[in-house]
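Participant: In the working numbering, the protein residues as written are 2 to 473.
Cβ coordinates follow ideal geometry from the N, Cα and C atoms, glycine included.
No experiment lies behind these values; they were computed from the predicted model shown.
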Ligand SMILES: Cc1cc2nc3c(=O)[nH]c(=O)nc-3n(C[C@H](O)[C@H](O)[C@H](O)COP(=O)(O)OP(=O)(O)OC[C@H]3O[C@@H](n4cnc5c(N)ncnc54)[C@H](O)[C@@H]3O)c2cc1C
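And the structure:
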């Protein structure tokens, strides 16, 4: 068995592991070993459907030391006028570049793709090459970094929770773009199973590729609120929408009387969107959309709201709400993978170990870079965990209130620490920090927005505990 030594052993080279590694490399002289069972860095993006893209601007996704994209705005399509969204291919190309042009040339990173991590005991980790079976033992001088815990479930690698009768055609979104190759699988009707961001991507893709809206059935266990992408734009020219949007969100949190009321206020303030105005959503996973995308999806009118699918027979779906007759030969598209799996939160800094989780939702890249910065510069684990409080990812509209409470608590801690504040302002992953810092002090309109953000944040901090008490 080979033996190596390292300061940090990172398990997982997805968005989380690489954002952490990149910042740790910048901020320390540590040696890092990265192990992953995938052949390439980028984690789940390597297994995604071909028409996947970021739902937030590329400008603040990835790692701190390397820009993603060229900061251009889309001039055509459903994202017209808004900052570019990297495609899946761009994201995997980007992470390859991070590894080949940033991490490995530092001489302080050793990367082991196609290797299964086997475990860790008494300061020693072990992994095994998938191709040769050879095992390597890693003596870890500082910490094991679990960059797997927050990983998402995606259609191409998960197992559906419903059963399917023989002869029923069920595919993942990955198969759709290959339909041209198969005469047997060219359907006339489609049924999208699931109502998360992947399902929305599939709906838009089918319509854009020529499927008539009436050929699509959409199984929607729950309607979802969506973040209006206009409010996530990083450029100064969007100051009113982004920073003004933050102030509006704080005002909604300061005045809401229930979770439902909060989302209705956020919708009225143009912060949240929904696809079907006549239905009140209960789900919220930070899926982010433009109004253009929502308009496309509204063309799908055959929506089945009968809960989840339990099984699919050749002529019907058996659902929580009963049996729904279906045309034989319809192509079912499985979009039921849960995205972010609900997992119990645990302290981020533990003896000998770091478990990467969110410290600002919904931004995993920013969160993991921040955790690396805190690991590099702060004292004991109690202090580090105080600065990096866990932020739960919301399951539903109630969860959003908990998420915002934890987000605000962290933001308050960070704002009191000048070093951390300065690092955040300079970080490309922060999203709005630079926009706020660069606002001209003589611009009275922008200063009024910043004042409103400050005053409404204080008011929100006061109201959120009341809201949480009601929700409990
Ligand atoms: C379709 C889609 C779009 C998204 N869009 C956005 C977006 O626009 N903005 C945003 O902020 N977030 C977005 N996200 C969320 C997102 O991808 C995050 O980046 C998330 O944190 C995933 O990164 P990860 O590194 O935590 O997990 P993963 O990508 O799952 O990486 C974990 C890695 O660990 C490896 N691994 C696991 N177990 C082992 C083992 N035992 N041995 C060896 N290796 C192992 C896996 O091979 C994998 O490469 C999106 C998610 C999805 C699914």
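Which complete alpha helix (DSSP H) runs does the region 189-262 hold, if anything under 4 residues is left out?
Facilitator: 198-209, 240-256
Participant: For a test of your reading of the model: does the CB of residue 151 fall under 7 Å from any non-hydrogen atom of ligand 1? Yes or no.
Facilitator: Result yes, Cβ under 7 Å from ligand 1.
Participant: For residue 49, verify whether its CB is less than 7 Å away from any heavy atom of ligand 1.
Facilitator: Between ligand 1 and the CB of residue 49, the shortest heavy atom gap is smaller than 7 Å.
Participant: Select from 224, 355, 404, 381 the residue whose C-alpha is nearest the C-alpha of residue 278.
Facilitator: 224
Participant: Please classify residue 258 as buried or exposed, where buried requires at least 16 other C-beta atoms within 10 Å of its C-beta.
Facilitator: exposed
Participant: Sorry if obvious, but does the Cβ on residue 204 come closer than 7 Å to a heavy atom of ligand 3?
Facilitator: For ligand 3, the structure offers nothing, since it holds only ligand 1.
Participant: For residue 139, which residues does DSSP report across the bridge?
Facilitator: 5, 126
Participant: So the candidates are 235, 309, 416; which of them puts its Cα closest to the Cα of residue 430?
Facilitator: 235
Participant: Consider the C-beta atom of residue 118 and the heavy atoms of ligand 1; say whether any pair is separated by less than 7 Å.
Facilitator: yes
Participant: Whole angstroms is fine: what's the gap from residue 81's alpha carbon to residue 67's?
Facilitator: 25 Å
Participant: Which residue or residues does DSSP assign as beta-bridge partners of residue 147?
Facilitator: 12, 356.
Participant: On the three-state DSSP scale, how would you describe residue 154?
Facilitator: strand
Participant: In this structure, does DSSP put residue 40 in helix, strand or coil?
Facilitator: coil
Participant: Suppose you measure from the CA of residue 20 to the CA of residue 242; what does that come to, to the nearest Å?
Facilitator: 27 Å
Participant: Enumerate in chain order the residues of its own chain whose CB-to-CB distance from residue 47 is below 8 Å, with the five nearest sequence positions on each side excluded.
Facilitator: 39, 40, 41, 93
Participant: Looking at residue 148 and ligand 1, is the gap between the Cβ and the nearest heavy atom below 7 Å?
Facilitator: yes
Participant: Can you determine whether any heavy atom of ligand 1 sits closer than 7 Å to the C-beta of residue 27, and answer yes or no?
Facilitator: False, no ligand heavy atom lies under 7 Å from that Cβ.
Participant: Using DSSP bridges, identify the partner residues of residue 351.
Facilitator: 354
Participant: Quick check on this structure: which residue in 327, 222, 18, 209 has the alpha carbon closest to the alpha carbon of residue 339?
Facilitator: For residue 339, the closest alpha carbon among the candidates 327, 222, 18, 209 is that of 222.
Participant: Check residue 301 in the structure and name its three-state DSSP category.
Facilitator: coil
Participant: Taking Cβ to Cβ, would you say residue 129 is nearer than 8 Å to residue 138?
Facilitator: no
Participant: Could you name the residues of the same chain whose beta carbon sits closer than 6 Å to that of residue 64, not counting the 5 residues immediately before and after it, in chain order?
Facilitator: 19, 20, 23, 99
Participant: Could you check how far apart the C-beta atoms of residue 297 and residue 180 are, in whole angstroms? I think they sit under 8 Å.
Facilitator: Between residue 180 and residue 297 the Cβ distance is about 20 Å, and since that is not below 8 Å, they are no contact.
Participant: Helix, strand or coil for residue 89 per DSSP?
Facilitator: Three-state DSSP puts residue 89 in a helix.
Participant: Can you find a heavy atom of ligand 1 that lies under 7 Å from the Cβ of residue 13?
Facilitator: For residue 13, the shortest C-beta to heavy atom distance toward ligand 1 is below 7 Å.
Participant: Over the uninterrupted alpha helix (DSSP H) stretch that includes residue 366, give me the two end residues.
Facilitator: 365-378
Participant: Is it the case that the Cβ atoms of residue 397 and residue 285 are separated by a distance below 8 Å?
Facilitator: yes
Participant: Could you tell me whether the Cβ atoms of residue 377 and residue 29 are closer together than 8 Å?
Facilitator: yes
Participant: Going by alpha carbons, who is nearest to residue 388 out of 8, 414, 364?
Facilitator: 414
Participant: Taking Cβ to Cβ, would you say residue 394 is nearer than 8 Å to residue 427?
Facilitator: Cβ distance not < 8 Å, so residue 394 and residue 427 don't count as in contact.
Participant: With distances taken between CB atoms, is the gap from residue 127 to residue 134 smaller than 8 Å?
Facilitator: No, the pair does not count as a contact, with Cβ atoms beyond the cut-off.
Participant: Can you name, in chain order, every residue of its own chain whose Cβ lies under 6 Å from the Cβ of residue 115, other than the five neighbours on each side?
Facilitator: Cβ within range, chain order: 40, 131, 132.
Participant: Who are the Cβ neighbours of residue 289 in its own chain at under 7 Å, not counting the five residues just before and after it?
Facilitator: 56, 57, 227, 228, 230, 233
Participant: Can the beta-carbon of residue 321 be found closer than 8 Å to that of residue 306?
Facilitator: The Cβ atoms of residue 321 and residue 306 lie no closer than 8 Å to each other.
Participant: Under the assumption that residue 178 contacts residue 52 (Cβ atoms under 8 Å), give the Cβ distance between them as a whole number of angstroms.
Facilitator: 7 Å
Participant: CA-CA distance, residue 405 and residue 466?
Facilitator: 11 Å
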